[in-house]
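For reference, the structure is listed below as structure tokens.
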Amino acid sequence: MKLSRALLGGFCAAALLSSVAAKADSGLETVVVTAQKRSEDVQAIPITVQAFTAKSIADLGIKASTDLGQFSPNVDIALPAGAGNQPIIAIRGVGLNDYDTNNAGPNGVYLDEVYLSSPASQTFQAFDLDRIEILKGPQGTLYGRNTSGGAINFISAKPTDETTADFHADYGSFDTFQLEGALGGQLADGLDARVAVVHNGSGGYTRNALTGGRENGADNTAGRALLQWKPREDLTVLLNVHAATVANRPAEYRHLGAFDPATGGFCSVAQVYAKNSDCVDFFGYGTPKNFYDGAYERRQHLNVNSWGTSLRADLDLGGVTLTSLSAYERNSKLHPEDSDASPNRELEIDFGVRSSTFTQELRAAHASDDLNWVVGAYYLNEDLRQDQPLYILLDADDFFGGPGTGDGIAEIVQDDSRQVTDSYALYGQGDYALTDKLKLTLGARFTGESKSFRYRQGFQLQDGGMDHFGPMTWFPGPGPDTFFKESISDTAFNWKAVADYRFTPDVMGYVGVSTGFKSGGFNGSFLSQDPAQIVTQLTPIKPEHVTAYEAGVKSTWLDDRLLLDAAGFYNDYSNLQIFVLAPVPNTNLATNILANARKAHMLGADIQIEAKPIDNLTLSAQIGLLNARIDSHEQINVDANGNAVRANGHQLPLSPHVTMSALADYRIPLGGDRLDLQFGASYKSHQFFDVANSPYLTQGDYWLENLRVAYAFDDDKWEVAGYVHNLSGQKYFLDVFDLSFLGFYQGIMGQPRTIGAEADYRF
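Quick note: the sequence shown uses the numbering used here, first residue 239, plus one each step.
Shown next, in the form of structure tokens:
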């Protein structure tokens, strides 16, 4: 929008004018992070890190892990099954667009340094956090599994001796509200605790024409209790117990008709996305006129329950600190998806998954002015089970002419699998100051990973009229207790080498090379109904490997009034793992294809500018540039018309060429109080949602703008604010899925304009 572009132009102008306006009395604030397993100024770390403090998390309105994609250039987070379900995370173009829960992506998500292995556990409420850190590029020499693309760290607020409390209340459009509270302090000498709880609710922003009610609401609750014990000065033990539940109606999709009833063929892209589209699915249901309207017949609720605990002990031996981190996470989900997003029962899926994960990490670390090092061992065991029945054309009698006409056509497919993963690693990383300006960082990691996978499928056809079915036929058969079985075992050695040079106390440049690894995996669900093809589809995909090159500069200027960071990167991938849902020609079915692209690359840059031209005004902008493409792909995909599609030269999914986030924050002192004016804007250029680069599965470039006005008083104990998110009312998709074999596409809608007010109290 014009306002956004003007704002960004103002940022650049302000940065240039800061040399005139700068004074030495007040500079930009320093952010301390633990990206390298120790506390450091983010400007001293020779990697690309974007950090969000507790204050910026609140000001930006980050309420869930999936909100980060709006504010983090070269980071995209899609929700293929809507809010409350697992995300697909792409960092610098590195991601896996597979909605199956047995395939964790190549970007690690960590909560208080505990790796969340199941994708179903990676969508959670962001509450009572000290900060969020996004590390871009491979992090294999310090972090657990699957960090070939990057890592996202969520760090909760920790207990202290001082009694503190935080309370937050928020109410906005569509009866959306949030209540959050945290209380911490000393229980006894050497024993501190902190408890935090959050509840989110919403009536929803999508209208259901069948009921007259609203969909895409929220009803979720989460809590965390931390107990920190210091029996002596050199020993700290931290117990973390947490749980969360989601119990709202599942996210509903936008139905986009793909069939032209006038010609009997498929609609063009322009027809599908036309405001008043006449396209329908194969059973006559068209595209709703209003972007946020639909007709949804399923009434079940999404249920997600998770809980976990971790125990961390740090022992300071005087120069060396020993750390043990043990964790257990359990997650269960039942997502009754109205897959066809229509009033008819064309396609419905119950996504059921249960997972339990145990991780153990042991490490030793040393920190000094000239030498820092950490060595460790890591182990993970995950048991993950999927139970995912499909319901296909259950209304076939209505579609095809009356009672019994759907016999032999309507179908229930039972899709079950179990995957057990064992992963272990030995790692080490250290940096040494060769001179007072030159520092060298070296790291290495050996990883071993084994997976066993078993799969069975059953189907039963309608027999005797609607909702009556014959006996279940099982593959591989003869009964339900036999399975297809596969197993794999992969090992890898990864390394890292970085040199950084401090040209001045405020300017540091660095160059580095690192490698990353993601183990092979299995096609997790919805396979062919031909047993021979199932055996072929269950052949495990190869592990993927990346060599990443990065050069950057981190600098502050003008008495810390201007910050300028920039990094250029090139990732060279082999056997990149990719996913596609391919229709089976001449049938009403589709099948998952999980494959490897032999070669791929990502080329781009991350740029951050922050300026404080006058004491009360802070301007910031983050810019991401990216060209992420498949160079060689041997797998041939098939579209709904049976046409062969190759992915060579295609842009990777969720990899827009340009992403941008900017913020202006002006604080006006009012005696002892303060008025805070904020305006932010984010931009994403055109992106694809599949590896085939289908013109139907895209989102054009768009801007989102946010406005917030806050008033703080009583020594900043109180703050009240009003806000507008998506100020211009932009209509956009977070994901679009190809179900054209049934005559439609399935769109995940971004949230509309929301207006609200909030209040915070701290002591």
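Idealized CB from N, CA, C, for every residue including glycine.
Other residues of its chain near residue i: CB distance less than 7 Å, five sequence neighbours each side excluded
i	result
residue 329	312, 313, 345, 374, 387 and 388
residue 993	410, 411 and 962
residue 281	792 and 794
Simplified DSSP state of residue i, which is helix, strand or coil
i	result
residue 403	strand
residue 771	helix
residue 295	helix
residue 594	strand
residue 249	With a pLDDT of only 42 at residue 249, under the threshold of 50, the placement of this residue in the model should not be trusted; the figure read from the coordinates follows. The answer is helix: DSSP assigns residue 249 an H, G or I state.
residue 434	strand
residue 386	coil
residue 277	coil
residue 744	coil
residue 801	strand
residue 636	helix
residue 416	strand
residue 559	strand
residue 979	helix
residue 332	strand
residue 531	strand
residue 240	Because residue 240 sits at a pLDDT of 44, beneath the cut-off of 50, its placement in the model cannot be relied upon, and the following sentence gives the value as read from the coordinates. Correct three-state label for residue 240: helix.
residue 516	coil
residue 306	helix
residue 357	helix
Alpha-carbon to alpha-carbon, residue j and residue i
i	j	result
residue 510	residue 283	48 Å
residue 582	residue 633	7 Å
residue 739	residue 793	12 Å
residue 850	residue 369	22 Å
residue 909	residue 998	20 Å
residue 941	residue 431	42 Å
residue 306	residue 705	43 Å
residue 698	residue 643	16 Å
residue 575	residue 496	20 Å
residue 636	residue 938	37 Å
residue 482	residue 308	24 Å
residue 295	residue 777	43 Å
residue 996	residue 573	31 Å
residue 551	residue 914	41 Å
residue 365	residue 435	8 Å
residue 971	residue 526	15 Å
residue 251	residue 786	Note that residue 251 scores 40 on pLDDT, short of 50, meaning its location in the model is unreliable and no value can be drawn from it.
residue 904	residue 852	10 Å
8 Å CB neighbourhood of residue i in its chain, flanking five on each side removed
i	result
residue 886	868, 869, 870 and 871
residue 602	558, 559, 560, 561, 612, 613 and 614
Boundaries (first-last residue) of the alpha helix (DSSP H) holding residue i
i	result
residue 652	Run containing residue 652: none in the alpha helix (DSSP H); it sits in the beta strand (DSSP E), 649 to 671.
residue 508	507 to 511
Identity of the residues DSSP links to residue i by a beta bridge
i	result
residue 265	Paired residues: none, contrary to the question.
residue 574	588
residue 196	With the chain covering only 239 through 1001, there is no way to say anything about residue 196.
residue 783	755 and 812
residue 374	286 and 388
residue 946	916 and 961
residue 700	707
residue 732	683
residue 830	819
residue 408	416 and 996
Start-to-end residues for the beta strand (DSSP E) that takes in residue i
i	result
residue 859	855 to 870
residue 1001	Where residue 1001 is concerned, there is no enclosing beta strand (DSSP E), given that its DSSP letter is neither H nor E.
residue 921	911 to 922
residue 314	313 to 316
residue 615	609 to 625
residue 345	345 to 349
residue 628	628 to 630
residue 899	896 to 908
residue 542	541 to 554
Sequence-distant residues of its chain with Cβ nearer than 6 Å to residue i (five each side left out)
i	result
residue 405	419 and 999
residue 338	762 and 763
residue 1031	This structure leaves residue 1031 out entirely; the chain is present only between 239 and 1001.
residue 965	943 and 945
residue 703	641 and 642
residue 459	437 and 483
residue 197	Residue 197 is absent from the model: the chain starts at 239 and stops at 1001.
Beta carbon proximity, residue i to chain B, threshold 8 Å
i	result
residue 997	Any reference to chain B falls outside this structure, which holds one protein chain only.
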